[in-house]
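Protein chains in written order, with full-length UniProt numbering: chain G, 1 to 152; chain U, 1 to 484. We put the CB at the ideal spot given by N, CA and C, even for glycine. All of these numbers come straight from a predicted model, not from anything done at the bench. Below: the structure, in structure tokens.
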């Protein structure tokens, strides 16, 4: 027996539909309202521009006391995102606060695409390339965006 | 032609007060003025084409230097104090040969040249007087730049290195602007007066609403003829109003006043929504019904003045465009001056083109939107302002952690403490660990009990349940039979 959906999740979902964040969408699954299909556009001016990235988002039972779990489904060349799509972002871990929401977290992820941080890497190989030969790394990121992150 | 007709009709039929109609822009008369300017210029032999031709740069490869330019509307009186009204005198400035007064262009008809020469002579006589006024009308132009441009000139023009500008005053053009300027002053005055009146109305309405929604203790209800349920209907009414703004869109994506047509549609749909949800019918007392009507009437009034101002702004734009087209004098210059003088009338950005409200209408929409939100809508507190950031429901037993302004439910704070959280969710200060009973904000609690009696009761039940759950485990509160 599943617990009834907390009011907060209902409210957040409603607001995501009625006032969507530009460049971001999150759609809950019909059979599980805690599981969302997320789509984030690569921010303009970054090497992910023009890309459309799919993510999955799950709200654990403890939400909002613990952060949502988020993973990239689309392959992406980024120093803070590993091969499995896991994301290294402080607000998804230690700096989570229950006042944060799905929309703010997704915005943070979009911002992370605009500002890769190779100093705090999750994907060592990418971060190394990013530090040693940034133009080459950016070129690869563009290529991957063209290769994997296009609208189907 | 069509617009002028529509404009007249709208002015006459839309039920504007007499006094407003007096300050409306006289489109028809202004159009006549334009015709006069046109004639006057033709008399001078300067039809639109000629002026257009003269205004063109001499040669594409050369630096664009027009022979004729409208030097705009210099003020005859130097504006040393703001109170002195500047006088705009539209003038044509034409480059002519200094000695003969022949215009430096080959393509002019001899007739035009003649009249221009006459003007130049005239000019010489007046030059002295102009100098006396501290203003040199004749600007000598020397230099090689001119010589090089002479290659294209008519053989009639002697190869002099001297040329000068003569000024052609256009009296009918002046009367055009003379007519337009005071109208704008009147419109501005009207806007101010109406805004003041509307502001007073808003205050009145605020009082009326306050009177109606003032929460009362039980027992006083009958005496004060006020039902506490009314509070809920007003809240619902205003919530709908805030969610569907009628005059002004405050959202990031689409900021700005709506056009009159849009605003009217929005108000109509708002009215329909109220009727559909039966909110009007649910208002209990006659006072409440009166206040509701007052609220609606005020909206209609705002709409009316918006419409009037929008029409005038449109008339203004059209007439200046016509002026430009017919005379090729740059009315745009005049427009620029007006923009600095009446920033509210003609916003410099071309917002009107993208479908927002224009001119005074925009500023009225904005002012009234702000006025209504601060003086009337704020009287009825909305639930969203009292949501706990953690559970996004009304903060029951509101706790203020003392670090920031946020209010949390006591239940959420206890939960956070159970989870070992240390920092405030909104401002990150280390206050959650230290929170205790003294952090309950009793003032806010009283306020909530007063204004949200139904929500408080519901939250109280939720809280009791959650508290039992915490004490005895989840199964304790599950509905249904439980055999111990």
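Whose Cβ in chain G lies nearer than 8 Å to the Cβ of residue 426 of chain U? By 1-based counting over the second chain, the position of residue 426 of chain U is 426. Against chain G, a Cβ distance below 8 Å from residue 426 of chain U picks out 97 and 99.
Supposed contact pair residue 242 of chain U and residue 377 of chain U - C-beta distance, whole angstroms, cut 8 Å: In the second chain, the residue the question calls residue 377 of chain U occupies position 377. In the second chain, the residue the question calls residue 242 of chain U occupies position 242. Correct: roughly 6 Å between the Cβ atoms.
Between residue 387 of chain U and residue 393 of chain U, how many whole angstroms is the CB-CB distance? I'm expecting something under 8 Å. Within the second chain, the letter at position 387 stands for residue 387 of chain U. Within the second chain, the letter at position 393 stands for residue 393 of chain U. The Cβ separation is near 7 Å, so the contact holds.
Residue range of the beta strand (DSSP E) that includes residue 25 of chain G: Taking the first chain and counting its residues from 1, the one referred to as residue 25 of chain G is at position 25. Per DSSP, residue 25 of chain G belongs to the beta strand (DSSP E) from 24–28.
Answer yes or no: do residue 425 of chain U and residue 98 of chain G have a C-beta to C-beta separation smaller than 9 Å? Mapped onto the second chain, residue 425 of chain U falls at position 425. Mapped onto the first chain, residue 98 of chain G falls at position 98. In this structure, residue 98 of chain G lies closer than 9 Å to residue 425 of chain U by Cβ.
Residue 430 of chain U - DSSP class collapsed to helix/strand/coil: The residue you call residue 430 of chain U lines up with position 430 of the second chain. Assignment of residue 430 of chain U by DSSP, reduced to helix, strand and coil, places it in the coil class.
Return the bridge partner residues of residue 290 of chain U from the DSSP annotation. By 1-based counting over the second chain, the position of residue 290 of chain U is 290. According to DSSP, residue 290 of chain U bridges with nothing at all.
With a cut-off of 9 Å, does the C-beta of residue 7 of chain G fall near any C-beta of chain U? Start at 1 with the first residue of the first chain, and residue 7 of chain G comes out as number 7. Judged by the 9 Å Cβ criterion, residue 7 of chain G is in contact with chain U.
Quick one, which of U/199, U/289 and U/458 has its alpha-carbon nearest residue 368 of chain U's? As a first step, residue 368 of chain U is located in the second chain; it is residue number 368 there, counting from the start. The candidate whose alpha carbon is nearest that of residue 368 of chain U is U/199.
Could you tell me which residues DSSP pairs with residue 394 of chain U in its beta bridges? Your numbering for residue 394 of chain U matches position 394 in the second chain. Under the DSSP definition of a beta bridge, residue 394 of chain U partners with U/387.
Hey, quick one: how far does the alpha helix (DSSP H) through residue 62 of chain G stretch, first residue to last? Taking the first chain and counting its residues from 1, one reaches residue 62 of chain G at position 62. Looking at the DSSP string, residue 62 of chain G is not in any alpha helix (DSSP H), and its letter there is neither H nor E.
Report the three-state DSSP secondary structure of residue 17 of chain U (helix, strand or coil). One-based indexing of the second chain puts residue 17 of chain U at position 17. Assigned with DSSP and collapsed to three states, residue 17 of chain U falls in coil, not helix or strand.
My output table needs one value for residue 257 of chain U: the three-state DSSP class, helix, strand or coil. For the purposes of this step, residue 257 of chain U is taken as residue 257 along the second chain, with counting starting at 1. Correct three-state label for residue 257 of chain U: strand.
Cβ separation of residue 412 of chain U and residue 391 of chain U, assumed to be a contact under 8 Å, to the nearest whole Å: Here residue 412 of chain U refers to the residue found at position 412 when the second chain is read from its first residue. Here residue 391 of chain U refers to the residue found at position 391 when the second chain is read from its first residue. With a Cβ gap of about 5 Å, residue 412 of chain U and residue 391 of chain U count as contacting.
Let's test the definition: count the other Cβ atoms within 10 Å of the Cβ of residue 29 of chain U and tell me whether it reaches 16, buried, or not, exposed. Counted from its first residue, the second chain places residue 29 of chain U at position 29. When all chains shown are included, residue 29 of chain U counts as exposed.
When the Cβ atoms of the segment 176–196 of chain U are set against those of the segment 18–35 of chain U, are three or more pairs found closer than 8 Å? The answer is yes - the segment 18–35 of chain U touches the segment 176–196 of chain U, with three or more Cβ pairs under 8 Å.
In terms of DSSP beta bridges, what is residue 400 of chain U paired with? What you label residue 400 of chain U is simply residue 400 of the second chain in a count that begins at 1. According to DSSP, which records beta bridges pairwise, residue 400 of chain U is partnered with U/407.
Start and end residues, alpha helix (DSSP H) containing residue 72 of chain G: The count along the first chain starts at 1 and reaches residue 72 of chain G at position 72. Where residue 72 of chain G is concerned, there is no enclosing alpha helix (DSSP H), although the beta strand (DSSP E) it sits in stretches over 69–72.
In angstroms, rounded to a whole number, what distance separates the CA positions of residue 468 of chain U and residue 462 of chain U? Counting from 1 along the second chain, the entry for residue 468 of chain U is found at position 468. Counting from 1 along the second chain, the entry for residue 462 of chain U is found at position 462. One Cα belongs to residue 468 of chain U, the other to residue 462 of chain U, and the distance between them is close to 10 Å.
I want to see whether chain C comes within less than 9 Å of residue 433 of chain U, judged by CB atoms only; does it? No chain C appears in this structure, whose protein chains are G and U.
What did DSSP end up calling residue 423 of chain U once you bin it into helix, strand or coil? For the purposes of this step, residue 423 of chain U is identified with residue 423 of the second chain, where counting begins at 1. Residue 423 of chain U: coil per DSSP, three-state reduction.
Report the rounded CA-to-CA distance for residue 193 of chain U versus residue 210 of chain U, giving the unit in angstroms. Here the question's residue 193 of chain U lines up with position 193 in the second chain. Here the question's residue 210 of chain U lines up with position 210 in the second chain. Roughly 26 Å between the two C-alpha positions.
Residue 139 of chain U: buried (16+ other C-beta within 10 angstroms of its C-beta) or exposed? Here residue 139 of chain U refers to the residue found at position 139 when the second chain is read from its first residue. Residue placement at residue 139 of chain U is flagged as unreliable, the pLDDT there being 39, under the threshold of 50; the coordinate-derived value follows with that caveat. Exposed: under 16 other Cβ atoms inside 10 Å.
Residue 263 of chain U and residue 247 of chain U closer than 9 Å at C-beta: By 1-based counting over the second chain, the position of residue 263 of chain U is 263. By 1-based counting over the second chain, the position of residue 247 of chain U is 247. Their beta carbons are under 9 Å apart, which means residue 263 of chain U touches residue 247 of chain U by this criterion.
Min CB distance residue 467 of chain U to chain G below 9 Å: As a first step, residue 467 of chain U is located in the second chain; it is residue number 467 there, counting from the start. Cβ-Cβ to chain G under 9 Å: no for residue 467 of chain U.
Could you give the DSSP three-state label for residue 436 of chain U: helix, strand or coil? Sequence index remark: in the second chain, residue 436 of chain U carries index 436 (1-based). Under the three-state reduction of DSSP output, residue 436 of chain U falls in the coil class, being neither helix nor strand.
Partner residues on chain U for residue 64 of chain G, Cβ-Cβ distance less than 7 Å: Here residue 64 of chain G refers to the residue found at position 64 of the first chain. In chain order: 390.
Find out if the Cβ-Cβ distance for the pair residue 39 of chain G, residue 53 of chain G is shorter than 9 Å. Counting from one through the first chain, the residue named residue 39 of chain G turns up at place 39. Counting from one through the first chain, the residue named residue 53 of chain G turns up at place 53. Cβ distance < 9 Å, so residue 39 of chain G and residue 53 of chain G count as in contact.
Distance check for residue 72 of chain G and residue 35 of chain G, CA to CA, integer angstroms please. On the first chain, residue 35 of chain G is found 35 positions in, with the first residue counted as 1. On the first chain, residue 72 of chain G is found 72 positions in, with the first residue counted as 1. Approximately 14 Å, taken between the alpha carbons.
What residues match up with residue 34 of chain U in a beta bridge as DSSP calls it? Stepping through the second chain from its first residue, residue 34 of chain U is reached at position 34. The partner list for residue 34 of chain U (beta bridge, DSSP) is empty, contrary to what the question assumes.
In the DSSP assignment, what residue or residues form a beta bridge with residue 56 of chain G? Locating residue 56 of chain G in the first chain gives position 56, counting from the first residue. According to DSSP, residue 56 of chain G bridges with G/37 and G/71.
Meets three-Cβ-pair contact criterion under 8 Å: the segment 122–138 of chain G and the segment 24–33 of chain G: no
List the DSSP bridge partners of residue 86 of chain G. The residue you call residue 86 of chain G lines up with position 86 of the first chain. Answer by DSSP bridge pairing, in chain order: G/71.
For a test of the three-state rule: what should DSSP assign to residue 249 of chain U, helix, strand or coil? Counting from 1 along the second chain, the entry for residue 249 of chain U is found at position 249. Residue state, collapsed to three classes: strand.
Taking Cβ to Cβ, would you say residue 205 of chain U is nearer than 9 Å to residue 312 of chain U? Here residue 205 of chain U refers to the residue found at position 205 when the second chain is read from its first residue. Here residue 312 of chain U refers to the residue found at position 312 when the second chain is read from its first residue. Contact flag unset, no.
What's the C-alpha gap between residue 440 of chain U and residue 389 of chain U? By 1-based counting over the second chain, the position of residue 440 of chain U is 440. By 1-based counting over the second chain, the position of residue 389 of chain U is 389. C-alpha separation (whole angstroms): 16 Å.
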